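Chemist: Chains as they are written, first to last, in numbering that gives the first Met the number 0: chain D, 0 to 297; chain V, 0 to 337; chain E, 0 to 238. A virtual CB, placed ideally from N, CA and C, is assigned to each residue, including glycine. In this text the structure is predicted, and so the values were computed from the model without any measurement.
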Amino acid sequence: MTITQQILQQLINGISLGSVYALMALGYTMVYGIIKLINFAHGEVFMIGAFIGFFSITKLGMDFFPAMFTAMIFCAILGILMERLAYKPLRNAHRVAALMTAVGLSMLFQNLALAHSWIGASAKGFPQVFPLQRFQLMENVNISSDRILTLAIAIFLMIALQFIVHKTIMGKAMRAVSLDKDAARLMGINVDKTISFTFALGSSLAAAAGVLFALNYGIVVYQMGLLPGLKAFVAAVLGGIGIIPGAMVGGLLLGVTESAVSAAGGSMFRDAVAFAALIIMLLVKPTGLFGKNVREKV
Amino acid sequence: MAKRFSALLQFALVLALGYAIQMAMDAGMINRYYAHVMTVMAIFVVGAVSLNLINGICGQFSLGHAGFMAVGAYTAAIITKNPDLILPAIFTGNVRFILATLLGGMTAAFVGFLVGLPSLRLRGDYLAIVTLGFGEIIRILLLNWDFVGGASGYFGLVRHTNFFAAFLLSIITITIIRNFIQSSHGRACVSIREDEIAAETMGVPTTRYKVIAFVIASFFAGTAGSMMAHLTQMVTPASFTFILSIELLLMVVLGGLGSITGSIGAAIFLTYAAEALRAFRAYRMILYSLLLILIMLFRPKGLLGTQELSYGLLKESFKSLRTRWQRKKNDDITAAAE
Amino acid sequence: MLKVENLQVYYDAIHAIKGVSLEVSQGEIVTLIGANGAGKTTILRTISGLEKAREGKIEYLGRDIASQQAHDIVKIGISQVPEGRRVFTNMSVTENLELGAYLSKDRKAKADSLKRVFEHFPRLYERRTQIAGTLSGGEQQMLAMGRALMSKPKLMMLDEPSMGLAPILVRQIFSIIKEIHKEGTTILLIEQNANMALSIADRGYVLETGKIVMQGSVQELLASEEIKNAYLGGEAAHS
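1) Along chain V, which residues have their Cβ under 9 Å away from the Cβ of D/N12?
2) Does any residue of chain D have a CB that is nearer than 8 Å to the CB of E/D11?
3) Give me, in chain order, the residues of the same chain whose beta-carbon lies closer than 8 Å to that of V/R326; leave out the 5 immediate sequence neighbours on both sides.
4) How is E/H14 classed by DSSP in three states: helix, strand or coil?
5) Can you have a look at V/G104 and say buried or exposed, based on whether 16 or more other CB atoms are within 10 angstroms of its CB?
6) Using a Cβ-Cβ distance under 8 Å, would D/R174 count as near chain E?
7) Please check if any C-beta of chain V sits within less than 8 Å of the C-beta of D/F68.
8) Taking the straight line between their C-alpha atoms, what separation do you get for V/I259 and V/L247?
9) Hey, how far is the Cα of V/G134 from the Cα of E/P152?
10) Flag D/V297 as yes if its beta-carbon sits less than 8 Å from any beta-carbon of chain V, otherwise no.
11) Are there any heavy atoms of the ligand SAM lying less than 7 Å away from the beta-carbon of V/M284, as far as the coordinates show?
12) Closer than 7 Å by C-beta to E/L168: which residues in its own chain qualify, once you throw out the five before and the five after it? Chain order, please.
13) What residues are listed by DSSP as bridge partners for V/I285?
14) Please list the terminal residues of the continuous alpha helix (DSSP H) segment that includes D/T193.
15) May I ask you to report which of helix, strand or coil DSSP gives D/I142?
16) Helix or strand or just coil, what does DSSP make of E/Q214?
17) Taking V/T206 as the reference, which of V/L276, V/F163 and V/G115 has the closest Cα?
18) Relative to the C-alpha of D/F125, which residue among D/M81, D/A49, D/N38 and D/M99 is closest?
19) With DSSP collapsed to three states, give me the class of E/E58.
20) Is there contact between the region 37 to 53 of chain D and the region 261 to 274 of chain D, where contact requires at least three CB pairs shorter than 8 Å?
21) What are the residues that DSSP puts in a beta bridge with E/I186?
22) Quick check on the DSSP output: the beta strand (DSSP E) that includes E/I77 runs from which residue to which?
23) List, in order along the chain, the chain D residues whose C-beta lies closer than 7 Å to that of E/K153?
24) With 7 Å as the limit, tell me which residues of the region 219 to 245 of chain V have their beta carbon closer than that to any beta carbon of chain D; keep them in chain order.
25) With a threshold of 8 Å between beta-carbons, can D/L160 be considered close to chain E, or not?
26) Counting along the chain, where does the alpha helix (DSSP H) carrying V/L98 start and finish?
27) Note down, in chain order, all residues in the region 182 to 207 of chain D with a beta-carbon under 7 Å from any beta-carbon belonging to chain A.
28) Looking at D/L148 and D/F162, is the spacing between their C-beta atoms short of 8 Å?
29) Below 6 Å CB to CB, which residues in the same chain sit around V/H64 once its five sequence neighbours on both sides are set aside?
30) I'd like to check one pair, D/V164 with D/R174: are the Cβ atoms closer than 8 Å?
31) State the Cα-Cα distance for the pair D/V297 and D/V236, rounded to the nearest angstrom.
32) How many Å lie between V/I77 and V/A164 at the Cα?
33) Which residues, in order along the region 96 to 121 of chain E, keep a beta-carbon less than 7 Å from a beta-carbon of chain D?
34) Starting from the beta carbon of V/F96, find every residue of chain D whose beta carbon is closer than 8 Å, and list them in chain order.
35) Residue range of the beta strand (DSSP E) that E/G203 falls in?
36) Along the alpha helix (DSSP H) that carries E/R122, what are the first and last residues, could you check?
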């Protein structure tokens, strides 16, 4: 295997993994953009989405796409409920209170999953819904059908999101609210509804990411949201938190870097890459690759 | 002068009390299980009070306190287990343990500096995610470090920690952190919590104070880790997980953000509750996270608020209760008269 | 049309508005003048539903709107051009205007509104694809006004439209306000620039530290020595 082949192979793996991070990072970034909160429970929404997809296939006998759609709808509703019940009452409280609530929610979801008789502590195998095929692009460079599917769905969802955010009136309202809540209110925009919509959108993307992750790695487990959640957040910071295209680029960048590091023999350090990237970014340019250098306003 | 003398006297009396309890333990008047639980309580007091300095006093949000405990625990364990590593072999026994604990704290403080500096320059949210990530990374690194036993952990430590040692550490922690809070540095930290931007415009070097507080807190977390390791005589990557960070966080929240006495009380109470609820282990974290959410929703400053518990406060609340009761009685009398 | 009675507004412990009453009739231009910090903006924000009054009545077309949400108040025909313009800086001029008609579902009506706005502000038409944040101050003021017009308000409230603009631009903005008024929109105008405000208004109120200290027709206000000294004096020296 030549170096070029190896690089190409890792690039392919990295882009497919990165597209999952990107989907999740979008949720972080949209929510942060609109209410300036790191939604720590986002990783758990990802996990719950994966399990809803898993049970839809194994218990309800659904096909893959309907299962993924079910997971997305379920998590959209979960996202709305989460915001209404836990975050909305704290919108004017000290930021740390909202953050702690988010952490509490994350722990709550994880431990409810752990205590649930259908889920429990052990990992479960995600069914191979599509017969696995490998396509050889060139000598020693492969791509599996699952990877192609993941990338295709991720790209489709990102284009759909771009369309919603830029072309629909709800998307414009979202951007208006994240820019200036009072001015948005003066336009007749219902800010609460718009925030709910943002949570629904972000959570459904996390659910899709969860199902795709499970498909690629073949397992679902109650803790699966923790590390991907952390990494997706890093991806959001890399691109500039609050900036939607930034989250996409950040996700892909992180996915590729991670694959490259684990291929270079540091699979043990694979999970540390994201952390190192975060620290470096915070030191060098905390506003992210696409961020403008402005100080946070009061 | 008299004030300093009375403070010293108080300190000596408290230490004497701790020593008396230790003697009672040694004499078998307190059974070994309770002795163990009380020692754990004292260690958690150190963890909770130091975390309160970051989360309560400075209004920042750290989720990696257990990670700093792990750093301190492993550093100290390496020193006490290897008679000629890091410290010269002339230091043995409890002296070596004390020095190892100090070095464990210092290492944790150093790591705290490295982690805190980039994230504390920014708003509090970044610290939360960086410390969360840090906790995870430490765990992964320890899992893969064969010298300290990897996943199975580092075993066979000498049991240096007794109740008095943990008690002494908690008293030192409380004293130093209380003095820090009451100093001008501490007031600067509180101003950061109340309004960071205003503090900055008033000329408070916010980053510096945040980092100082974070480093102090990390130091004590490290020493608490060492105490814990030398109590349980082992340290594994699973000893100091995210869950422990959450438990410490809950102690701070229960006791009231910024209230030292509150943290002490909550640390004692939650350690006791964890023991009492051993049978419901599976549901403990569900309960904890629900508690955390509910407290934040209904009492965002923590269950007991920022007030310190003191004799004066007790007297005040007793008085107000009595007047209220009296008033109610009077109302009843007038109502009955009508 | 709009009737505010004994309005009391607090910011935490600060008593910002101490029992203000004012009235705007259909077809009028009413101005509210006062120094910085008098509470003019707070009154507008409270009418718009961005702040909640602790006490007092806000009646609009015969119904009490004091407890209504900001987005519902826009729906019944009150729109505000906020202080400091507050345009959506990272969106294009057209997108800003579209958001102004957020509540309208009717495509044709929206297109008509847009046309009308571009007629009032040809400059905005020229810049329709430009990002709002890159516009000049005067253009941003025009955009903020155009945006408020998009919802076809019956009552338009303007908060210091002259702020930070060159005199020539101020005159231009004020002549557009008159045009809008002629087309049938009632105007409530807040200004520090009392001269300009009184030159187009029918009636005026003078606000000092949260209280109305004087009210009357423009002629009455212009005749008052106190007003001349406190609000018009500096201006007279200029011209």
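Modeler: In this structure, then:
1) Neighbours of D/N12 on chain V: none; closest Cβ ~20 Å, over 9 Å.
2) no
3) none
4) strand
5) So V/G104 ends up on the buried side.
6) yes
7) no
8) 13 Å
9) Between V/G134 and E/P152, the C-alpha separation is close to 56 Å.
10) Note that D/V297 scores 31 on pLDDT, short of 50, meaning its location in the model is unreliable and no value can be drawn from it.
11) Although the ligand SAM was asked about, the structure shown includes no ligands whatsoever.
12) G137
13) Answer is none; V/I285 lacks a bridge partner.
14) Residues V190 to Y216.
15) strand
16) Three-state DSSP puts E/Q214 in a strand.
17) V/G115
18) D/A49
19) strand
20) At 8 Å Cβ cutoff, the stretches do not touch.
21) E/I28 and E/M155
22) I77 to V80
23) Within 7 Å Cβ-Cβ: nothing; E/K153 doesn't reach chain D, min ~14 Å.
24) I245
25) no
26) In this chain, the alpha helix (DSSP H) harbouring V/L98 covers G92 to L119.
27) Within the model displayed, chain A is absent; protein chains D, V and E are what it includes.
28) no
29) Here the set comprises L50, A220, S244 and L247.
30) yes
31) Reliability of the predicted coordinates at D/V297 is poor, the pLDDT of 31 falling under 50, and the value obtained from them is presented with this limitation in mind. For D/V297 and D/V236, the distance between alpha carbons rounds to 21 Å.
32) For V/I77 and V/A164, the distance between alpha carbons rounds to 19 Å.
33) E97, L98, G99, Y101 and L102
34) Listed along chain D is no residue with a C-beta nearer than 8 Å to that of V/F96; the closest approach is about 31 Å.
35) R202 to E207
36) P121 to E125
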